[in-house]
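Novice: Each number in the working numbering corresponds to the 1-based position in the sequence shown with 95 added. Glycine included, C-beta positions come from ideal geometry on N, C-alpha and C. Since we're looking at a predicted model, the values are computed, not measured. Right, I'll just put the structure down here and ask away after.
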Amino acid sequence: MSSEPILEDVLIKRSQQKKRTSPLNYKERVFVLTKTKLAYYEGKPERKTRKGCIDLQKIKCVEIVKNGGVIIPCQNKYPFQVVYETSTLYIFAPSNEKRSVWVQSLKEEIKQNTLVVAKFHPEFWQDGLWQCCRQADKLAPGCEEYNLFGDISRKPLPPIPGNDTAGKFRRPPPPPPLSDETEAMEEQVEEKEEIVIALYDFAGTESHDLTLVMGEEYVIVEKCDVHWYKARNKYGYEGYVPSNYVTAKKSGNLDQFTNSSPQDKGGGFMVRDSSSLGSYTVSLYTKSAGEGTPSIRHYHIKETQTIPVQYYLAEKHHFNSIPELIEYHQHNAAGLVARLRYPVGKEGSSAPTTAGFSYEKWEINPSELTFMKELGSGQYGVVRLGKWRAQHKVAIKAIRQGAMREEDFIEEARVMMNLSHPKLVQLYGVCTQQKPIYIVTEFMELGCLLNYIRQRRGSFTSATLLSICQDVSEGMEFFFSKQYTTWSKQKYVLDDQYTSSSGTKFPVKWSPPEVFNFCKYSSKSDVWSFGVLMWEVFTEGKMPFEQNQNHEVVMMIMQGHRLYRPKKATHNIYNIMQLCWHEASSSFSFTSPLHLLV
96 MSSEPILEDV LIKRSQQKKR TSPLNYKERV FVLTKTKLAY YEGKPERKTR
146 KGCIDLQKIK CVEIVKNGGV IIPCQNKYPF QVVYETSTLY IFAPSNEKRS
196 VWVQSLKEEI KQNTLVVAKF HPEFWQDGLW QCCRQADKLA PGCEEYNLFG
246 DISRKPLPPI PGNDTAGKFR RPPPPPPLSD ETEAMEEQVE EKEEIVIALY
296 DFAGTESHDL TLVMGEEYVI VEKCDVHWYK ARNKYGYEGY VPSNYVTAKK
346 SGNLDQFTNS SPQDKGGGFM VRDSSSLGSY TVSLYTKSAG EGTPSIRHYH
396 IKETQTIPVQ YYLAEKHHFN SIPELIEYHQ HNAAGLVARL RYPVGKEGSS
446 APTTAGFSYE KWEINPSELT FMKELGSGQY GVVRLGKWRA QHKVAIKAIR
496 QGAMREEDFI EEARVMMNLS HPKLVQLYGV CTQQKPIYIV TEFMELGCLL
546 NYIRQRRGSF TSATLLSICQ DVSEGMEFFF SKQYTTWSKQ KYVLDDQYTS
596 SSGTKFPVKW SPPEVFNFCK YSSKSDVWSF GVLMWEVFTE GKMPFEQNQN
646 HEVVMMIMQG HRLYRPKKAT HNIYNIMQLC WHEASSSFSF TSPLHLLV
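Laid out in structure tokens, this is it:
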């Protein structure tokens, strides 16, 4: 019978927002698929109230949704879409297996539909845009070809010939031999398999992760996004690995020999730039029995005069690339005081942070968090030291209820989750399924920059202070290169604020004139603020305009007054600060101070 259920499951649906004012929310529903309808109900399977129903004949497309970085703020992380009439229903399954069952079952039921589309949108409609093609029209035609069953494997096979037709079918002739050109093309395809080397150990946190062992080789199966790759190890196991933990195995790539942690044992080595431009040196730490104390030996990597050029440390052993040379001497001393046993890096080097704890893991279960001491508080909430799964130190920020709209929080988190840079604090994930909402970030051992500088006042050289400013500038240049401008007035959490006649709050001593006059914020406003931060760094933590009230600062800035030159800032450094504070320099971006600082 047409009303008999084919499938019935508790899934989560996203609101379809058929009106512009409709809220975006996610609700658990009981979904029931029959031969004629897809219906969803509120309540438990045994007692339910129907909330919606789609006639299967009106469905144009059923497909898995590719997630290009959109946050999924519900516990089910496996989305698929049902396109019908002028609407798209997004449904979230608890597992990939469950999603596959629903998608295939729905496709089977609509395979005779005449309305099936030729093209569809493979990613979400989110924030007024199709995330796949960036079209702003919700009814815009699809951007990717749609094949109902994905490949020809589901098409009906031709009938098997009977005995009466056996004589009419001849065995096909053998394929012609491959030409040299075809063989060369096939060899090129095989050579495109990308091999990488692990720079660090990585212990996966989820079942779909792949453990990395430093120095081991892996094959890249898929580059899922800029932060995570799907890789295969030598045993054939596949899983996700952080992209910044591996490096390509190429002849000129020396990263694998410069990023490991040092240990106090013989055989540690580093490949570094030589004093001669364009040359390299191998520095080898040795504890030879014939020497009283450990020592470091330096060996220049020499080049032959032949074509192609070859590299060597010992005269009798030449190699086509430096990595091949290193690999040989890791197993054979061959003229060196010892074998190159393990690569080391700069003192204090450690594995970098990852963009999230695992691939597409942004929603963190609060039960996995351990709360420890309070680190500080601001306008929007309290920050505590904590641990994730009792092992990873993190900073946990609890957002005060009413401090900001949940939609604003989700949008800001969505932006930050797509950013990963050594000079930015890494966002690991969020907890949005309860109140208060939590933000989980990388824990900074040395704490707040301002406190760090003030507590060590008098111990910094000008070069160290300049390096701090370079780090900040690098992070901000990367931030704005990604076209993110979320440093708006609602994001400031500084205490020294000024309330304008319109009721807008902003940090006066860090703000440019256009903020005073028009409450206008842009990346230029942040360049101005960066100039003030430089001043704070070179004064080792002094308060800008410390002798003046906020209303006095407004008048002084409007009249052209600027902060004085700190004693530890050279005239060139102070000129960069003044460029940041130049009203007419609308084209001055974070790229400008970064290049000048370097």
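Helix, strand or coil, according to DSSP, for GLY147 in the structure here?
Specialist: In the sequence shown, the residue the question calls residue 147 occupies position 52. The answer is strand: DSSP assigns GLY147 an E or B state.
Novice: Would you identify the three-state DSSP class for HIS656, choosing helix, strand or coil?
Specialist: Here residue 656 is taken as the residue at index 561 of the sequence shown, counted from 1. It is coil, neither helix nor strand.
Novice: Buried or exposed: where does CYS156 fall if 16 or more other Cβ atoms within 10 Å of its Cβ makes it buried?
Specialist: Locating residue 156 in the sequence shown gives position 61, where the first residue counts as 1. Looking at its Cβ environment, which holds 16 or more other Cβ atoms inside 10 Å, CYS156 is buried.
Novice: Let me know the secondary structure DSSP gives CYS564 once reduced to three states.
Specialist: In the sequence shown, the residue the question calls residue 564 occupies position 469. Helix.
Novice: Just verifying my parser: in three-state terms, what is the DSSP assignment at ILE494?
Specialist: Working through the sequence shown from its first residue, we reach residue 494 at position 399. The answer is strand: DSSP assigns ILE494 an E or B state.
Novice: Once the 5 residues before and after MET467 are set aside, which same chain residues still bring their CB inside 8 Å of it?
Specialist: By 1-based counting over the sequence shown, the position of residue 467 is 372. Correct list, in chain order: ARG479, LEU480, GLY481 and LYS482.
Novice: Which same chain residues, not among the five before or five after VAL198, have their C-beta less than 8 Å away from its C-beta?
Specialist: Here residue 198 corresponds to residue number 103 of the sequence shown, with the count starting at 1. Here the set comprises VAL157, GLU158, ILE159 and PHE175.
Novice: TYR335 and SER453 look like a contact to me (Cβ under 8 Å); what is the Cβ gap, rounded to whole Å?
Specialist: For this step, residue 335 is matched to residue 240 along the sequence shown. For this step, residue 453 is matched to residue 358 along the sequence shown. Indeed, because the Cβ distance is near 7 Å, the residues count as touching under 8 Å.
Novice: Please report the distance separating the alpha-carbon of LYS382 from that of VAL366.
Specialist: Numbered from its first residue, the sequence shown carries residue 382 at position 287. Numbered from its first residue, the sequence shown carries residue 366 at position 271. Taking the straight line joining both Cα atoms gives about 19 Å.
Novice: For SER195, which three-state DSSP category applies?
Specialist: Locating residue 195 in the sequence shown gives position 100, counting from the first residue. It is helical.
Novice: Below 8 Å between beta carbons: does that hold for GLN170 and GLN528?
Specialist: Start at 1 with the first residue of the sequence shown, and residue 170 comes out as number 75. Start at 1 with the first residue of the sequence shown, and residue 528 comes out as number 433. Yes; because the gap between Cβ atoms is below 8 Å, this pair is in contact.
Novice: Quick one: is ALA188 buried, meaning 16 or more other Cβ sit within 10 Å of its Cβ, or exposed?
Specialist: Locating residue 188 in the sequence shown gives position 93, counting from the first residue. Buried, because 16 or more other Cβ atoms sit within 10 Å of the Cβ of ALA188.
Novice: If you draw a straight line from the C-alpha of ASN612 to the C-alpha of ASP621, how long is it?
Specialist: Stepping through the sequence shown from its first residue, residue 612 is reached at position 517. Stepping through the sequence shown from its first residue, residue 621 is reached at position 526. Near 16 Å, if we compare the C-alpha coordinates of ASP621 and ASN612.
Novice: Mapping the DSSP letters down to three states, classify GLY473 as helix, strand or coil.
Specialist: In the sequence shown, the residue the question calls residue 473 occupies position 378. If DSSP states are grouped into helix, strand and coil, GLY473 belongs with coil.
Novice: How about LEU470 and PHE364: do their beta carbons lie closer than 8 Å?
Specialist: Position 375 of the sequence shown, counting from 1, holds the residue named residue 470. Position 269 of the sequence shown, counting from 1, holds the residue named residue 364. Not a contact, by the Cβ cut-off of 8 Å.
Novice: With distances taken Cα to Cα, identify the nearest neighbour of HIS393 among ILE402, SER374 and SER557.
Specialist: Against the sequence shown, residue 393 aligns to sequence position 298. Of the candidates ILE402, SER374 and SER557, the one whose C-alpha sits nearest the C-alpha of HIS393 is SER374.
Novice: Alpha carbon to alpha carbon, what distance is there between ALA235 and LYS113?
Specialist: The residue given as residue 113 occupies position 18 in the sequence shown. The residue given as residue 235 occupies position 140 in the sequence shown. In a straight line, the C-alpha of LYS113 is about 15 Å away from that of ALA235.
Novice: Express the C-alpha separation of GLY164 and THR449 in angstroms, rounding to a whole number.
Specialist: Within the sequence shown, the letter at position 354 stands for residue 449. Within the sequence shown, the letter at position 69 stands for residue 164. Their Cα atoms are separated by approximately 15 Å.
Novice: Please classify ILE534: does DSSP put it in a helix, a strand, or coil?
Specialist: Stepping through the sequence shown from its first residue, residue 534 is reached at position 439. Residue state, collapsed to three classes: strand.
Novice: Which residues in the same chain have their Cβ closer than 8 Å to the Cβ of GLY361, if we skip the five residues on either side of it in sequence?
Specialist: Taking the first residue of the sequence shown as position 1, residue 361 is located at position 266. The residues are TYR380, THR381, LYS382, SER383, PRO389, ALA433 and ARG436.
Novice: Using the C-alpha atoms, what's the distance from ILE396 back to HIS413?
Specialist: For the purposes of this step, residue 413 is taken as residue 318 along the sequence shown, with counting starting at 1. For the purposes of this step, residue 396 is taken as residue 301 along the sequence shown, with counting starting at 1. When rounded, the distance between both Cα atoms is 11 Å.
Novice: For LEU133, which residues in the same chain have their Cβ closer than 8 Å to its Cβ, ignoring the five residues on either side in sequence?
Specialist: For the purposes of this step, residue 133 is taken as the residue at position 38 of the sequence shown. Same-chain partners within the cutoff: PHE126, VAL127, CYS148, ILE149, LEU151, ILE154, VAL177 and LEU201.
Novice: Suppose contacts are defined by Cβ-Cβ distances below 8 Å. Is GLU609 in contact with LEU545 by that definition?
Specialist: Working through the sequence shown from its first residue, we reach residue 609 at position 514. Working through the sequence shown from its first residue, we reach residue 545 at position 450. The answer is no: Cβ separation not under 8 Å.
Novice: Would you mind sorting GLY776 into buried or exposed? The rule is 16 or more other CB atoms within 10 Å of its CB.
Specialist: With the chain represented from 96 up to 693, any question about residue 776 goes unanswered, as that position is not in the structure.
Novice: Enumerate in chain order the residues of its own chain whose CB-to-CB distance from ILE186 is below 6 Å, with the five nearest sequence positions on each side excluded.
Specialist: Position 91 of the sequence shown, counted from the first residue, corresponds to residue 186. Around ILE186: LEU106, LYS108 and PHE175.
Novice: Taking the alpha carbon of TRP323 as the reference point, which residue from ARG495, ALA213 and MET512 has its own alpha carbon closest?
Specialist: Numbered from its first residue, the sequence shown carries residue 323 at position 228. Nearest C-alpha to TRP323: MET512.
Novice: Can you tell me where the beta strand (DSSP E) holding TRP365 begins and where it ends?
Specialist: Within the sequence shown, numbered from 1, the residue matching residue 365 stands at position 270. For the record, residue 365 in the displayed sequence is Met; it is not Trp. Here the beta strand (DSSP E) through MET365 covers 363 to 368.
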